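Asks:
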Amino acid sequence: MYKRQPQVVVLVRLPLALRELALGEEQAAAIPEKLAGYQFDFIALSPTWRTRQTILGFLEKTGRHGEIWPELEEFDVDEKRAHELLAANAVPSARPDIFSGSKISVSAEERPFFIIREDAEKQFKLRDGRDERIADCVNSLRAAIARIKQRQLRGDESILLVGHATSGQLLLHLLVGDEGELPTIKNAQMWMAEEQPDGTFALKVYNDEPFEPHVDRGKP
Numbered sequence: 049m050y051k052r053q054p055q056v057v058v059l060v061r062l063p064l065a066l067r068e069l070a071l072g073e074e075q076a077a078a079i080p081e082k083l084a085g086y087q088f089d090f091i092a093l094s095p096t097w098r099t100r101q102t103i104l105g106f107l108e109k110t111g112r113h114g115e116i117w118p119e120l121e122e123f124d125v126d127e128k129r130a131h132e133l134l135a136a137n138a139v140p141s142a143r144p145d146i147f148s149g150s151k152i153s154v155s156a157e158e159r160p161f162f163i164i165r166e167d168a169e170k171q172f173k174l175r176d177g178r179d180e181r182i183a184d185c186v187n188s189l190r191a192a193i194a195r196i197k198q199r200q201l202r203g204d205e206s207i208l209l210v211g212h213a214t215s216g217q218l219l220l221h222l223l224v225g226d227e228g229e230l231p232t233i234k235n236a237q238m239w240m241a242e243e244q245p246d247g248t249f250a251l252k253v254y255n256d257e258p259f260e261p262h263v264d265r266g267k268p
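Residue 49 is where the sequence shown starts when you use the numbering used here, and the numbers rise one by one after that.
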C-alpha cells in the first residue's frame, strides 16, 4: 500500500454520543479491512476501553497483541494555549510522578491481546493549573515519541498507535511540526507520518486521505 519505510500510523477513536454508538461499532468493525494493507511491526494503544475495543477485532484476526501506553491517553486541555506555549518554547517543566493515577486493567477476555508495560501500570494524573496541565500532556506525548524512536532503532519500521483526537492532534504537531490549520480528525480514521532521511517525520496521510502540504484545506 505504501513504500515500506519507517512510519507511524495513528488511528483515532472519538468519544461518541449515545445516538452515535451504533455507527461507532460499525466503524470499529471495519478496522481490520482498513488496516489490511499495512504491515505493522509494533502496535500500541491508549488504555481506554474504547480504544481497546476499536483495535480488538484487528488483533483477533491477525493474532497480534497491542501494548498499552498511558502516554497516549486522551486529555482535556486548552489546545490554543498549548500551541502558544510550544511556539514560545515556554512549556513548563515535566514532573517525575505524572503516571500516578488509577491502575490500568483489562478484562480476562482481553488479556491475550493486550500487554500492560511493567513501567507504566497506572494512568497519568494531571495537575490542576492550566499551563501545568498542558505541560503534563506535552511531556507525556514527548515520552511517547521517545518510545517510538527507540523502537525504530530496534528495527520496528512501521508502528501503529491507537489513540484519541486531542492527544492525537498534539502528537502530530510534536512529531511533524506545524502543518497549518488541519480539519478535525474523524472517528476511526487515520493519519500517517513517515520518517525522512534526516530523521524528521513528514505527514503523508490525514483522515485516510493522501496529505498534500501547503494546501488550503479549510476547516469543517
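Heads up, the beta-carbon is just placed ideally off N, CA and C, and yes, glycines get one too.
In this text, all values refer to a predicted model and were calculated from it rather than measured experimentally.
From the DSSP output, read off the bridge partner residues of Glu257.
Replies: Its beta-bridge partners are Tyr254.
Asks: Taking Glu81 as the reference, give the member of Lys109, Val57, Val56 and Ala135 with the closest Cα.
Replies: Of Lys109, Val57, Val56 and Ala135, the residue nearest in Cα terms is Lys109.
Asks: Within the same chain, show all residues whose beta-carbon is closer than 6 Å to that of Ala244, passing over the 5 residues directly before and after it, in chain order.
Replies: What sits at residue 244 in the sequence shown is Gln, not Ala. So the qualifying residues of the chain are Ala250.
Asks: Return helix, strand or coil for Gly105, following the three-state DSSP convention.
Replies: Gly105: helix per DSSP, three-state reduction.
Asks: With DSSP as the reference, identify every bridge partner of Glu115, one or two as the case may be.
Replies: Looking at the DSSP assignment, Glu115 forms a beta bridge with Ala92 and Ile163.
Asks: Have a look at Glu73 and Val60 and give me their C-alpha separation to the nearest angstrom.
Replies: If you take the alpha carbons of Glu73 and Val60, they lie about 14 Å apart.
Asks: Ignore the nearest five residues each way along the sequence and tell me which others in Ala236's own chain have a CB closer than 6 Å to its CB.
Replies: Correct list, in chain order: Gln75.
Asks: Using only the alpha-carbon positions, how far apart do Gly203 and Ala194 sit?
Replies: Cα to Cα, Gly203 sits roughly 15 Å from Ala194.
Asks: Can you list, in chain order, the stretches of the alpha helix (DSSP H) that have 4 or more residues and sit fully within the region 132-178?
Replies: Counting whole runs of 4 or more residues, the region 132-178 contains no alpha helix (DSSP H) stretch at all.
Asks: Do the region 148-161 and the region 101-118 make contact, defined as three or more Cβ pairs closer than 8 Å?
Replies: Output reads yes: the region 101-118 touches the region 148-161.
Asks: On the three-state DSSP scale, how would you describe Gly225?
Replies: Correct three-state label for Gly225: coil.
Asks: How many Å lie between Leu104 and Ala78 at the Cα?
Replies: The straight-line gap from Cα to Cα measures roughly 11 Å.
Asks: Is Ile193 helix, strand or coil when you go by DSSP?
Replies: It is helical.
Asks: Pull up the DSSP beta-bridge partners for Trp97, would you.
Replies: DSSP lists no partner for Trp97.
Asks: Do you know whose CA, among Ala142, Val224, Lys170 and Asp89, lies nearest Ile116's CA?
Replies: The residue with the shortest Cα to Cα distance from Ile116 is Lys170.
Asks: Would you kindly work out how many angstroms separate the C-alpha atoms of Glu229 and Lys128, rounded to a whole number?
Replies: The alpha-carbon atoms of Glu229 and Lys128 are separated by roughly 12 Å.
Asks: Where does Ile182 fall in DSSP's three states?
Replies: In the structure shown, Ile182 sits in a helix (DSSP, three-state: H, G or I).
Asks: Taking the alpha carbon of Glu180 as the point to measure from, which residue in Ala138, Ala191, Leu208 and Leu120 has its own alpha carbon closest?
Replies: Ranking Ala138, Ala191, Leu208 and Leu120 by Cα distance to Glu180 puts Ala138 first.
Asks: When we look at the beta-carbon of Asp124 and count the other beta-carbons within 10 Å, is it buried (16 or more) or exposed?
Replies: Looking at its Cβ environment, which holds fewer than 16 other Cβ atoms inside 10 Å, Asp124 is exposed.
Asks: Leu220 by DSSP, collapsed to three states: which one?
Replies: Of the three classes helix, strand and coil, the one that applies to Leu220 here is helix, per DSSP.
Asks: Determine the burial state of Gln87: buried for a count of at least 16 other Cβ atoms within 10 Å of its Cβ, exposed for fewer.
Replies: Answer is exposed; the Cβ neighbour count stays below 16.
Asks: For Ser206 versus Glu119, is the C-beta spacing smaller than 7 Å?
Replies: Not a contact, by the Cβ cut-off of 7 Å.
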